[in-house]
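Chains as they are written, first to last, in our numbering: chain A, 1 to 388; chain B, 389 to 643. Yeah, the Cβ is synthetic: ideal placement off N, Cα and C, and Gly gets one too.
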Amino acid sequence: MTSAPPLERRFGPYGGRYVPETLIPALDELEAAWADARADPEFVARLDQLLRDYVGRPTPLYHAQRLSGLVGGAVWLKREDLTHTGSHKINNAIGQALLAKRMGKPRVIAETGAGQHGVAAATACALLGLDCVVYMGTEDMRRQEPNVQRMRLLGAEVRGVDAGARTLKEAVSAAIRDWVANVESTHYVIGSCVGPAPYPSLVRDLQRRIGDEAREQLLTQAGRLPDRAIACVGGGSNAIGTFIPFVDDAGVELIGVEAAGEGLSTRRHSAPLTTGARGVLHGALTGVLQDEEGQILEAHSISAGLDYPGVGPEHAWLRDSGRVRYEAVEDGAALEAFHRVAQLEGILPALESSHAIAWLIANPSDGLSLVTLSGRGDKDLAEVLALG
Amino acid sequence: MSIASAFADNGKRAALMPYLMGGYPSIEESIAAGLAAVDAGADLLELGIPFSDPLADGPVIHAAGTEALAAGATPHGVLGVCERLAVRVPVVLMVYANIVLTAGAGAFALRAAAAGASGLIVPDLPHDEADEVRAACDAEGLALVPLVAPTTTPERIAAIGADARGFVYTVSLTGTTGERAELPEGLAETVERVRGSTDVPVAVGFGISTPAQARAVAHVADGVIVGSRIVRAAGEGGADAVGSVVRELAGALRD
Chain A
1 MTSAPPLERR FGPYGGRYVP ETLIPALDEL EAAWADARAD PEFVARLDQL LRDYVGRPTP
61 LYHAQRLSGL VGGAVWLKRE DLTHTGSHKI NNAIGQALLA KRMGKPRVIA ETGAGQHGVA
121 AATACALLGL DCVVYMGTED MRRQEPNVQR MRLLGAEVRG VDAGARTLKE AVSAAIRDWV
181 ANVESTHYVI GSCVGPAPYP SLVRDLQRRI GDEAREQLLT QAGRLPDRAI ACVGGGSNAI
241 GTFIPFVDDA GVELIGVEAA GEGLSTRRHS APLTTGARGV LHGALTGVLQ DEEGQILEAH
301 SISAGLDYPG VGPEHAWLRD SGRVRYEAVE DGAALEAFHR VAQLEGILPA LESSHAIAWL
361 IANPSDGLSL VTLSGRGDKD LAEVLALG
Chain B
389 MSIASAFADN GKRAALMPYL MGGYPSIEES IAAGLAAVDA GADLLELGIP FSDPLADGPV
449 IHAAGTEALA AGATPHGVLG VCERLAVRVP VVLMVYANIV LTAGAGAFAL RAAAAGASGL
509 IVPDLPHDEA DEVRAACDAE GLALVPLVAP TTTPERIAAI GADARGFVYT VSLTGTTGER
569 AELPEGLAET VERVRGSTDV PVAVGFGIST PAQARAVAHV ADGVIVGSRI VRAAGEGGAD
629 AVGSVVRELA GALRD
């Protein structure tokens with residue numbers, strides 16, 4: 001991995017390890033194991049090989065000409081939708097499953113919302129011969145039935161979570177409780193750059209491949225760096241992976257797009273960076289949707305993968321430092337972008353990625369825009385067709 | 389009465405500390421349950437402030453917290469419960485970090501002290517993150533009670549014990565709160581190690597529900613914390629049921 005940054009426990013004031021004492025030794029162990037693994041040429045070579053031969057990396061960088069015509073400037077799409085399993089989640093899942101194996105942990109747990117990370121984790125565990133349990137809210141299981149079946153076919157056990165709104169937030173909590181109980185045997189493969197340290201750094205390191213590849217591909221294919229790099233932000237892993245390699249390129253504007261749901265003036269959105277307070281959720285101090293007393297609020301988005309009241313702590317810091325601009329796009333605009341990309345480019349983007357495209361369409365520019373297409377939209381067909 | 393005297397002078401093999409969820413099933417009923425527990429022999433009370441995302445809690449306490457929130461319980465309301473109970477026995481608040489940090493550590497400590505609390509237990513604030521809250525508690529005469537887990541290394545136990553206030557809450561098992569059939573092996577060893585690291589008493593919680601378990605824990609520890617069993621009683625039979633469970637536990641610690 002090129003010029004890996006240190007494994008931070010804090011990003012400015014954000015991050016930390018707000019978890020039960022039981023987990024602290026496991027987080028220490030994970031931190032040491034990752035620092036060691038990412039510096040080990042043998043581990044890096046094995047990961048590189050799997051990402052190339054199994055996942056299909058590097059993913060293409062595609063000059064979307066008709067979309068470019070629409071916005072009046074060159075649009076290049078980083079095609080994470082073309083990975084095995086169809087989203088960027090596999091980059092992290094394969095890396096963490098390899099790490100679990102290296103740490104001698106035979107059992108892996110994961111949480112999932114839309115099911116993309118659950119499928120990626122189940123896939124990586126099948127590949128590497130690890131036991132896999134995926135926690136999923138029962139409401140999400142209902143909405144994402146095909147991904148539930150997919151995980152089961154891959155040999156994972158899917159455990160329904162009935163608490164709260166029965167969606168992603170509760171699935172993360174259930175996974176953390178399982179980890180507290182089974183910490184000796186189990187590695188928790190968290191799906192985004194959230195959670196207690198070292199997870200935000202670990203997931204960033206594994207996802208920065210998106211931006212590293214895109215940067216190199218742009219220099220080769222377009223002969224220049226982009227004017228803007230745009231990615232959607234739920235927990236924020238495809239965005240952090242896209243942004244990090246460009247952070248020192250002062251001429252590249254970085255834009256993270258959150259889900260404004262039914263509108264930022266309603267409480268039905270998933271935009272903690274744009275509107276939210278600072279709070280502790282799932283082990284990290286970060287941007288959080290919460291009430292004035294610190295109770296976490298339910299998020300809302302048309303896109304299950306963005307439907308989360310927290311966000312990676314590094315994003316909160318990139319916002320405060322001014323390096324990344326965070327904007328929010330409503331459900332309707334994301335849905336419209338989905339249709340636009342389908343008809344202009346012959347690509348069904350994930351509803352998550354459709355938020356990034358929607359922002360691009362609403363903010364045309366004659367410069368060069370890089371947009372990360374974090375996943376494919378096949379999983380969203382039922383939702384999209386139901387909404388017309 | 390102070391935490392120290394509740395541990396030192398209780399006429400039992402170990403201090404008995406039932407846990408109650410504030411505002412469950414209602415504010416008034418949680419006050420009644422707390423008073424019943426005191427009448428039945430509780431030496432201290434641990435009073436939970438409900439939180440939307442309680443990572444350290446098992447199903448019984450999680451569900452009680454969810455129900456309390458749905459019934460309108462707030463941190464302010466639970467401090468009202470504390471006020472009523474703290475005139476009888478020392479009350480230690482069990483509260484998640486986000487509730488404390490959102491109010492501000494200093495402001496929260498001030499309010500807790502004004503409500504008569506003797507200390508705070510913050511289950512998702514491990515030693516490395518605790519300096520600010522501990523300083524705020526110290527300033528208000530509140531004890532920030534730390535937790536030690538079976539996975540805690542000897543080096544960490546030494547550091548945690550040295551900074552402990554009130555007592556050390558030793559988690560008996562790797563897992564969340566909840567009733568278990570057996571006490572874990574190695575508990576006595578962990579408690580001994582904790583005792584060697586600190587000047588304050590050592591209490592044990594998580595997984596303790598029966599009088600026999602309480603007595604077994606009292607052989608090794610200075611205090612016994614019983615949570616899910618009490619919360620279950622509060623849900624099933626209210627203050628009367630809480631009183632009779634606490635009476636049995638207290639009896640077992642006196643024999």
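**OP:** Could you name the residues of chain A that aspartate 519 (chain B) contacts, counting a contact when the two beta carbons are closer than 8 Å?
**Re:** Neighbours of aspartate 519 (chain B) on chain A: none; closest Cβ ~12 Å, over 8 Å.
**OP:** Please state whether DSSP places glutamine 144 (chain A) in a helix, a strand or coil.
**Re:** coil
**OP:** Look at the alpha carbon of valine 172 (chain A) and the alpha carbon of glycine 223 (chain A), and state the distance between them as a whole number of angstroms.
**Re:** 42 Å
Original post:
Under 9 Å between the Cβ atoms of arginine 107 (chain A) and leucine 128 (chain A)?
Top reply: no
Original post:
Under 9 Å between the Cβ atoms of glycine 549 (chain B) and cysteine 525 (chain B)?
Top reply: no
Original post:
Taking the alpha-carbon positions, what's the phenylalanine 43 (chain A) to glycine 211 (chain A) distance?
Top reply: 21 Å
Original post:
Residues of chain B with a CB under 7 Å from the CB of tyrosine 18 (chain A): which are they?
Top reply: Ala485, Asp512, Leu513 and Glu517
**OP:** Tell me whether the beta-carbon of proline 226 (chain A) lies closer than 9 Å to the beta-carbon of glycine 367 (chain A).
**Re:** yes
Original post:
So which residues on chain A does proline 463 (chain B) lean against when the C-beta distance must stay under 7 Å?
Top reply: Glu293
**OP:** Find out if the Cβ-Cβ distance for the pair alanine 609 (chain B), valine 592 (chain B) is shorter than 9 Å.
**Re:** yes
Original post:
Can you name the residues of chain B whose CB is closer than 7 Å to the CB of arginine 177 (chain A)?
Top reply: Leu443 and Thr564
**OP:** Using a threshold of 9 Å, state whether the C-beta atoms of arginine 499 (chain B) and alanine 493 (chain B) are closer than that.
**Re:** no
Original post:
Relative to the C-alpha of serine 456 (chain B), which residue among B:Pro413, B:Asp427 and B:Val488 is closest?
Top reply: The amino acid at residue 456 (chain B) is misidentified as serine; the sequence shows alanine. Among B:Pro413, B:Asp427 and B:Val488, the Cα nearest to that of alanine 456 (chain B) is on B:Pro413.
**OP:** Compare the Cα-Cα distances from leucine 219 (chain A) to each of A:Gly15, A:Ala26 and A:His63 and report the closest residue.
**Re:** A:His63
Original post:
With 16 as the cutoff for other CB atoms within 10 Å, does histidine 187 (chain A) come out buried or exposed?
Top reply: buried
Subject >> Within-9 Å CB hit, serine 365 (chain A) to chain B >> reply: no
**OP:** Report back the beta-carbon spacing between cysteine 232 (chain A) and leucine 306 (chain A) to the nearest angstrom; my notes put them in contact at under 8 Å.
**Re:** 7 Å
Original post:
Quick one: is leucine 281 (chain A) near chain C, going by C-beta distance under 9 Å?
Top reply: Looking at the structure shown, chain C is missing, and the protein chains on hand are A and B.
**OP:** Return yes when the Cβ of alanine 93 (chain A) is within less than 9 Å of the Cβ of alanine 397 (chain A), no when it is not.
**Re:** The question about residue 397 (chain A) has no answer here: the residues shown for chain A are numbered 1 through 388.
**OP:** Apply the 10 Å Cβ neighbour rule to asparagine 363 (chain A) and answer buried if 16 or more other Cβ atoms are within range, or exposed otherwise.
**Re:** exposed
**OP:** Could I get the ranges of all uninterrupted alpha helix (DSSP H) runs contained in the segment 458-511 of chain B, with 4 residues as the minimum, in chain order?
**Re:** 463-474, 485-491 and 493-502
Original post:
So, using beta-carbon positions, are alanine 531 (chain B) and valine 510 (chain B) closer together than 9 Å?
Top reply: no
Original post:
Taking the C-alpha atoms as reference points, what is the distance between arginine 38 (chain A) and proline 589 (chain B)?
Top reply: 44 Å
Subject >> Straight-line gap, glycine 48 (chain A) to valine 180 (chain A) (C-alpha atoms, nearest Å) >> reply: Reading off the sequence, residue 48 (chain A) comes out as aspartate, not glycine. If I take the Cα positions, the gap works out to 31 Å.
**OP:** Using the DSSP secondary-structure output, state which residues sit across from tyrosine 406 (chain A) in a beta bridge.
**Re:** With chain A running from 1 to 388 in the structure shown, residue 406 (chain A) is simply not present.
**OP:** Please check if any C-beta of chain A sits within less than 9 Å of the C-beta of leucine 435 (chain B).
**Re:** no
Original post:
Where does methionine 1 (chain A) sit, in a helix, a strand or coil, going by DSSP?
Top reply: Legend: pLDDT at methionine 1 (chain A) = 44, less than 50; position of this residue unreliable, value from coordinates given subsequently. If DSSP states are grouped into helix, strand and coil, methionine 1 (chain A) belongs with coil.
**OP:** Tell me whether glycine 95 (chain A) counts as near the ligand COA, meaning its Cβ is closer than 8 Å to at least one heavy atom of that ligand.
**Re:** Among the ligands in the structure shown, none appear at all, so the ligand COA cannot be discussed.
Original post:
Is threonine 83 (chain A) helix, strand or coil by DSSP?
Top reply: coil
Original post:
Can you name the residues of chain A whose CB is closer than 9 Å to the CB of valine 619 (chain B)?
Top reply: None at all; the shortest Cβ gap to chain A is about 16 Å.
Subject >> Minimum Cβ-Cβ distance from proline 25 (chain A) to chain B less than 9 Å >> reply: yes
**OP:** Spell out whether any CB of chain B is found under 9 Å from the CB atom of alanine 334 (chain A).
**Re:** no
**OP:** Select from the segment 146-171 of chain A all residues with a C-beta closer than 9 Å to any C-beta belonging to chain B, and list them in chain order.
**Re:** Ala163, Gly164, Lys169 and Glu170
Subject >> Alpha-carbon to alpha-carbon, alanine 386 (chain A) and threonine 275 (chain A) >> reply: 29 Å
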